[in-house]
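To start, the structure itself, in structure tokens.
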Amino acid sequence: DQQVKQNSPSLSVQEGRISILNCDYTNSMFDYFLWYKKYPAEGPTFLISISSIKDKNEDGRFTVFLNKSAKHLSLHIVPSQPGDSAVYFCAASASGGSNYKLTFGKGTLLTVNP
Amino acid sequence: DTAVSQTPKYLVTQMGNDKSIKCEQNLGHDTMYWYKQDSKKFLKIMFSYNNKELIINETVPNRFSPKSPDKAHLNLHINSLELGDSAVYFCASSQDLGFPTDTQYFGPGTRLTVL
Numbered sequence: 001d002q003q004v005k006q007n008s009p010s011l012s013v014q015e016g017r018i019s020i021l022n023c024d025y026t027n028s029m030f031d032y033f034l035w036y037k038k039y040p041a042e043g044p045t046f047l048i049s050i051s052s053i054k055d056k057n058e059d060g061r062f063t064v065f066l067n068k069s070a071k072h073l074s075l076h077i078v079p080s081q082p083g084d085s086a087v088y089f090c091a092a093s094a095s096g097g098s099n100y101k102l103t104f105g106k107g108t109l110l111t112v113n114p
Numbered sequence: 115d116t117a118v119s120q121t122p123k124y125l126v127t128q129m130g131n132d133k134s135i136k137c138e139q140n141l142g143h144d145t146m147y148w149y150k151q152d153s154k155k156f157l158k159i160m161f162s163y164n165n166k167e168l169i170i171n172e173t174v175p176n177r178f179s180p181k182s183p184d185k186a187h188l189n190l191h192i193n194s195l196e197l198g199d200s201a202v203y204f205c206a207s208s209q210d211l212g213f214p215t216d217t218q219y220f221g222p223g224t225r226l227t228v229l
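Line order of the protein sequences matches chains A and B.
Note that the numbering used here numbers the first sequence so that position 108 is 108, with each residue one more than the last.
The number in the numbering used here is simply the position in the second sequence, starting from 1, with 114 added.
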């Protein structure tokens with residue numbers, strides 16, 4: 001039961017252009033969403049997050065958009081740089097219970113070509 | 115200075131063996147986790163501990179036993195290894211009880227291969 005789905009296993013973009021990574025979720029209890037970035041042979045590192053009370057959060061070149069009605073979020077990277085090449089995981093959590101846990105998608109491999 | 119470290123990085127073993135993976139964090143965090151990333155690439159939580167107390171146990175087989183000697187360490191012991199245990203295991207930590215706003219910091223992972 002995939003509660004967090006990243007339907008694009010890979011994405012390739014040119015340096016300087018925009019990268020858009022998409023994520024869909026099915027659990028309506030999810031109210032906090034995160035993006036993690038992972039380089040080969042390393043663990044995931046936190047990138048950016050958004051609460052369900054917002055529809056946009058921006059941090060430098062990274063912006064996350066949340067569309068609650070569509071249960072969809074996206075990560076925009078502008079401009080894309082070769083160092084952004086990594087696997088990007090979307091994750092979600094529900095704050096209603098006492099034990100918060102992250103549910104991850106399968107990840108999207110982003111390749112930024114020079 | 116590695117924030118979350120795991121040993122070993124690679125582990126190759128035979129079916130039926132018992133093995134352990136160690137995790138240490140030097141961030142002063144109260145909560146630690148074990149995740150499994152299987153061949154389908156899903157990263158799934160297995161356990162979480164807060165101040166040495168088990169908080170989350172995600173219906174993991176009894177062959178997996180986490181042990182937290184202190185809040186800076188969370189080790190994972192696996193008995194009677196099976197082929198399906200082959201995966202990358204990530205340790206992580208966060209400041210508090212895993213509140214959504216608490217960033218989780220991950221270790222580099224341990225690739226376990228069961229032959």
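No residue lacks a Cβ here, since even glycine has one placed at the ideal position from N, Cα and C.
Contact under 8 angstroms by Cβ, tyrosine 219 of chain B with leucine 141 of chain B
yes
Secondary structure of proline 40 of chain A, DSSP reduced to three states
coil
So which residues on chain A does lysine 136 of chain B lean against when the C-beta distance must stay under 9 angstroms?
Ordered by position in chain A, no residue passes the 9 angstroms Cβ test against lysine 136 of chain B, which lies about 15 angstroms from the chain.
Please determine, among B/Ser134, B/Asn171 and B/Thr215, the residue with the shortest C-alpha to C-alpha distance to histidine 191 of chain B.
B/Ser134
So aspartate 199 of chain B packs on valine 174 of chain B, CB below 8 angstroms; how close in whole Å?
Contact flag wrong, Cβ pair sits at about 11 angstroms.
Return the CA-CA distance between glutamine 3 of chain A and alanine 94 of chain A, expressed in angstroms with no decimal places.
12 angstroms
Proximal residues to tyrosine 100 of chain A (C-beta, below 7 angstroms), its chain only, five neighbours per side dropped:
Ser93
DSSP state of aspartate 184 of chain B mapped onto helix, strand, coil:
strand
Contact with chain B by glutamate 58 of chain A, beta-carbon distance below 8 angstroms:
no
Spatially closest choice to lysine 158 of chain B from A/Asn113, A/Thr111, A/Phe104 and A/Leu109, by CA coordinates:
A/Phe104
Do proline 79 of chain A and glycine 16 of chain A have their C-beta atoms within less than 8 angstroms of each other?
yes
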